[in-house]
Every structure is written in structure tokens, then in C-alpha cells.
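Colleague:
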Amino acid sequence: MDERNVVSWTTVMHGLSMNGMHERALELFFQMIEEGVTPNDLTIVSALSACAKIGAFDVGKKVHDCIEANKRRINLAVGNALLDMYCKCGYVEIASHIFDEMKMKDIRTWSILIWGWAINGCFEQSMLCFEKMKLGIKPDEVTFVAALTACSHAGKIDKGLQLFDSMKSDYSIKPTMKHYAIIVDIYGRAGLLNEALNFIENMPQNPDPVVWGTLFSACRARKNIDIAKLASQKLLELEPKHPGSYVFLSNVYAGLGRWEDVEDLRTSMKRKGVGKDPGWSCIAVNEKMHSFVAGDQTHNFSRAICSKLDEITAGTRQLGYMPETEWVLHNIEEEEKEDALGNHSEKLALAFGLISTGPGVTIRIVKNLRVCGDCHSLIKYASKMSQREIILRDIKRFHHFRDGKCTCQDYW
1 MDERNVVSWT
11 TVMHGLSMNG
21 MHERALELFF
31 QMIEEGVTPN
41 DLTIVSALSA
51 CAKIGAFDVG
61 KKVHDCIEAN
71 KRRINLAVGN
81 ALLDMYCKCG
91 YVEIASHIFD
101 EMKMKDIRTW
111 SILIWGWAIN
121 GCFEQSMLCF
131 EKMKLGIKPD
141 EVTFVAALTA
151 CSHAGKIDKG
161 LQLFDSMKSD
171 YSIKPTMKHY
181 AIIVDIYGRA
191 GLLNEALNFI
201 ENMPQNPDPV
211 VWGTLFSACR
221 ARKNIDIAKL
231 ASQKLLELEP
241 KHPGSYVFLS
251 NVYAGLGRWE
261 DVEDLRTSMK
271 RKGVGKDPGW
281 SCIAVNEKMH
291 SFVAGDQTHN
301 FSRAICSKLD
311 EITAGTRQLG
321 YMPETEWVLH
331 NIEEEEKEDA
341 LGNHSEKLAL
351 AFGLISTGPG
361 VTIRIVKNLR
371 VCGDCHSLIK
381 YASKMSQREI
391 ILRDIKRFHH
401 FRDGKCTCQD
411 YW
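Mapping the sequence shown onto full-length UniProt numbering, position 253 (from 1) lands on 253, and the numbers just tick up by one.
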């Protein structure tokens, strides 16, 4: 294009981000500024949204600095985007400060902060924010998703059920599948699997794959094979070609040691062209994102990463860490299982973070799947060994590791 204005730049940035190319979108944002084009509110919201999706705190802070340097007025859309970015980067305290300074707030503003406290393991703050909001604004279904999430992560069964009933009786809000899934999650995390199954069976509408998947995850964590098998069968009935359904059932068979069934299922997946999305973890160092998959050896510092990971594993073992090999669902020997666990993407990202940053610098990792129990255990010990704060954002919530402890209190 011979001429490009702020609309041109913003449109391409938004398109890139919508298609998962968040880093490229952010590169474009700063390139636009270098070329002397002043961003508008939509440009800033798009940039902050891209930062939120990949947990790029340093870049998000830089965007925020641009806003303040230009003395730009923070309107509702930009304020909400800032809140969302800081919450999704694990800095809910900063988000709370911005919230307090915002002149205008809508129901989305309140919901973002309630949800931000919830996923960062701050139940009391989340509930306090929820109660304050109700003094002037009527909660909607999104607000209740946020509030119920807080109950789920904190193990507050009675409070969660009370909110669920209140949503229906006091506010006439018809529960969505998200609300039902969270109640199943609340029961499941507490080990009340029969109660969770009974809740599903008495739902006024047919449960979707998310609800059954939530039950399955709880069964796997609690090693309840019977209900897990039922959940897997329901998933396959609902979505026979969805890769997650096959993976769920494969995990059940592996848990039972039925390796021939596992191989038959994998063969069936290949024959039908059903693929599984790989897990990945990413970490930002010097405003550049570095992504890893399990067993990744493509990084430029791969040798140093592996060496550091060996050092971490040896050091954490001395502190009490023991590999939890049940998280490896393959028919292999125990020693091989330990090797498989050692190559998980979040561990590679952790090792890279430790060799790439100075002492005392917080390590921030984003993972696209739920962190496994073994990685969670190792990172807890690693935070004590390295005397670092390690923040891990997985698909469910944040885990803030400090001095051998996690804010989730091992309840996730």
C-alpha cells in the first residue's frame, strides 16, 4: 500500500491476533509507532488483547507506558483491556489499582476483576468484589461464571451451590453449560464424584462435551475408572471425531493397563485422520516469546536447557521431589516414564527461564493445557531451590509458586 493509516494498521493487527499470530500483531504495533502513526483506542485494545492471550507482561506494560506517555485518556474499552491484560498476566493487584482509578465501570469491568481474583487463587477478594458490584449493578451470567470459578478453585462447595441457586432464584438467570460445568468441577475437585454424576444426570438439558470432560478430569485425578469410562463413552457419543474424546478414552484404558486397547484406539485415530493438538508452553524473555513442546530440542539453547533441567531435577530430589510417573500414560518402564516426564514443555520453559534471567527475576510461563501433577510438584520445589517466584498460567488458572508452595494449595 502506498498509504497506510491507523485503520490499515489496526485491521491487520486485529486479523493477525484473531488467527493466533499474537507476536506478529505486537511487532506490527511497535512498527506502526516507529513510523509515526498514532494508535487509536481500537489499536491499543487489540495490542493489549494480544498481550493477554500469550501472557506477555513486559510487552503489555510497554503498551501501558505508551498510553501514559501520550497522556491518553483511558476510556472504558481501554480500561477493560488493561484490566484483562494484567489479570491474565498474573498481576491482579495492578489490575485492582487500575480498576480503582477508572472513572467509568460497566458490568464487564467488574466481571473481569472478579474473574481475575478467582483465577489467581484469591477467593476472598473475588467475593468481596462480587458483593460490592451487587450494590449498584445487577450481575449477569458472565459475572456468575467468574464468581463460581472462585468457589471452584478455592474448594468452597457450599458457597458455590448457594451462588448457583441464587443465580436462578434471585436473578432469574437461566444457567448455561458453563455454569453447569463449574458445579461439576466444584464437586469433582472435592472428590464428590457420585454427587457430580448425579448432578449431571438431573440437569434439565442434555450435558455437552465440556460437562462430561470436566467430570472425566476429576475422575482421572481421583483415579475413579468406572465413572471415567462412562464420561469417555458419553464424549465419544457426542463428538465421535473430536480428538479430545479419543484422548479421554485412551487415558482410561491406559489407567487400566489395557495397552492393546490404547494402541487400537490410536490406530483408529490415525485411520480416521483424527489428530491431537500438542501441548506447548511459552515464556517471554527480553520481550521475545519462546515456545516449547514436550521433548523439544529445536531451541538454540537446547543443550543448556537440558543441562539446567538435569540440575533442577537433581536439586529438587534432594528437597523431597519424587517423579509422579502415573502422569505418563504409556506402556513403558518406570525409568523411561521418568524421562518422558522430564521433557514436558513447562519444565523446558522453566529451565530456559532460569538460565536466561538474573537471580531474583520472576519466571512467568503460559501453558495451553492443564499442568500435570508431576510438573506442578517439581515447580514447587524448584521455586524453593532457586529462591524465585514462578508464575504458571495454564488453561484453568494461575499457579503462583513461592518458597516451595503454590497459591492453589495443591487444589486444582
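Heads up, the beta-carbon is just placed ideally off N, CA and C, and yes, glycines get one too.
Is it buried or exposed, residue 346, if we count other Cβ atoms within 10 angstroms and call 16 or more buried?
Modeller: The count along the sequence shown starts at 1 and reaches residue 346 at position 346. Residue 346 should be labelled buried.
Colleague: Ordered along the chain, which non-local residues of its own chain (more than five positions away) have a Cβ less than 7 Å from that of residue 186?
Modeller: For the purposes of this step, residue 186 is taken as the residue at position 186 of the sequence shown. Counting only residues of its own chain and dropping the five nearest sequence neighbours on each side, residue 186 has a CB closer than 7 Å to the CB of 151, 152, 157, 160.
Colleague: Beta strand (DSSP E) containing residue 137: first to last residue?
Modeller: If you number the sequence shown from 1, residue 137 lands on position 137. For residue 137, there is no enclosing beta strand (DSSP E), as DSSP marks it with neither H nor E.
Colleague: Counting only the same chain and skipping the five closest in sequence on each side, list residues whose C-beta sits under 7 Å from that of residue 335.
Modeller: For this step, residue 335 is matched to residue 335 along the sequence shown. Per-residue confidence for residue 335 stands at a pLDDT of 39, beneath the threshold of 50, marking its modelled position as unreliable; the derived number appears in the next sentence. So no residue of the chain qualifies.
Colleague: Residue 116 and residue 85 look like a contact to me (Cβ under 8 Å); what is the Cβ gap, rounded to whole Å?
Modeller: Here residue 116 refers to the residue found at position 116 when the sequence shown is read from its first residue. Here residue 85 refers to the residue found at position 85 when the sequence shown is read from its first residue. Actually they are not in contact, since the Cβ atoms of residue 116 and residue 85 sit about 10 Å apart, beyond 8 Å.
Colleague: Exposed or buried, residue 55, counting other C-beta atoms within 10 Å across all chains shown (16 or more means buried)?
Modeller: Walking along the sequence shown from the start, residue 55 turns up at place 55. Taking a 10 Å sphere around the C-beta of residue 55, we find 16 or more other C-beta atoms and assign the residue as buried.
Colleague: Could you tell me which of 26, 78, 162, 246 sits nearest to residue 268, measuring between CA atoms?
Modeller: By one-based count along the sequence shown, residue 268 stands at place 268. Taking residue 268 as reference, the option from 26, 78, 162, 246 with the minimal CA-CA separation is 246.
Colleague: Can you tell me which of the three DSSP states residue 406 falls into?
Modeller: For the purposes of this step, residue 406 is taken as residue 406 along the sequence shown, with counting starting at 1. Strand at residue 406.
Colleague: Using CA coordinates, which residue listed in 365, 393, 360, 372 is at the minimum distance from residue 403?
Modeller: Indexing the sequence shown from 1 puts residue 403 at position 403. Selected option, being the one with the closest Cα: 360.
Colleague: So, for residue 333: in the same chain, excluding its five sequence neighbours on each side, which residues have a beta-carbon less than 6 Å away from its beta-carbon?
Modeller: On the sequence shown, position 333 is the one that residue 333 refers to. Any reading at residue 333 is ruled out, since the residue's pLDDT is 43, under 50, leaving its predicted position unreliable.
Colleague: In terms of residue numbering, what span does the beta strand (DSSP E) encompassing residue 147 cover?
Modeller: As a position in the sequence shown, residue 147 is number 147, starting the count at 1. Segment 141-154 is the alpha helix (DSSP H) holding residue 147; no beta strand (DSSP E) there.
Colleague: Given residue 214, which residues of its chain have a CB within under 7 Å of its CB, disregarding the five upstream and five downstream residues?
Modeller: What you label residue 214 is simply residue 214 of the sequence shown in a count that begins at 1. Annotation for residue 214: 181, 184, 185, 188 place their beta carbon closer than 7 Å to its own, counting only its chain and skipping 5 residues before and after.
Colleague: Would you identify the three-state DSSP class for residue 172, choosing helix, strand or coil?
Modeller: Stepping through the sequence shown from its first residue, residue 172 is reached at position 172. Looking at residue 172 - three-state DSSP - the assignment turns out to be coil, as it is neither helix nor strand.
Colleague: Checking the sheet assignment: what are the DSSP bridge partners for residue 166?
Modeller: Start at 1 with the first residue of the sequence shown, and residue 166 comes out as number 166. BP columns for residue 166 are empty, so no partner.
Colleague: Excluding five sequence neighbours on each side, which residues of the same chain lie with their C-beta closer than 7 Å to the C-beta of residue 107?
Modeller: The count along the sequence shown starts at 1 and reaches residue 107 at position 107. Listed in chain order, the non-local C-beta contacts of residue 107 below 7 Å within the same chain comprise 137, 140, 143, local neighbours out to five positions each way being set aside.
Colleague: Reducing DSSP to helix, strand and coil, say where residue 283 ends up.
Modeller: Start at 1 with the first residue of the sequence shown, and residue 283 comes out as number 283. Residue 283: strand per DSSP, three-state reduction.
Colleague: Return yes when the Cβ of residue 304 is within less than 7 Å of the Cβ of residue 355, no when it is not.
Modeller: The count along the sequence shown starts at 1 and reaches residue 355 at position 355. The count along the sequence shown starts at 1 and reaches residue 304 at position 304. Result yes, Cβ atoms of residue 355 and residue 304 sit closer than 7 Å.
Colleague: Could you tell me which of 155, 101, 240, 39 sits nearest to residue 265, measuring between CA atoms?
Modeller: Position 265 of the sequence shown holds residue 265. Taking only the C-alpha atoms, the option nearest residue 265 is 240.
Colleague: Counting only the same chain and skipping the five closest in sequence on each side, list residues whose C-beta sits under 6 Å from that of residue 25.
Modeller: In the sequence shown, residue 25 corresponds to position 25, counting from 1. 13, 16, 17, 50, listed in sequence order.
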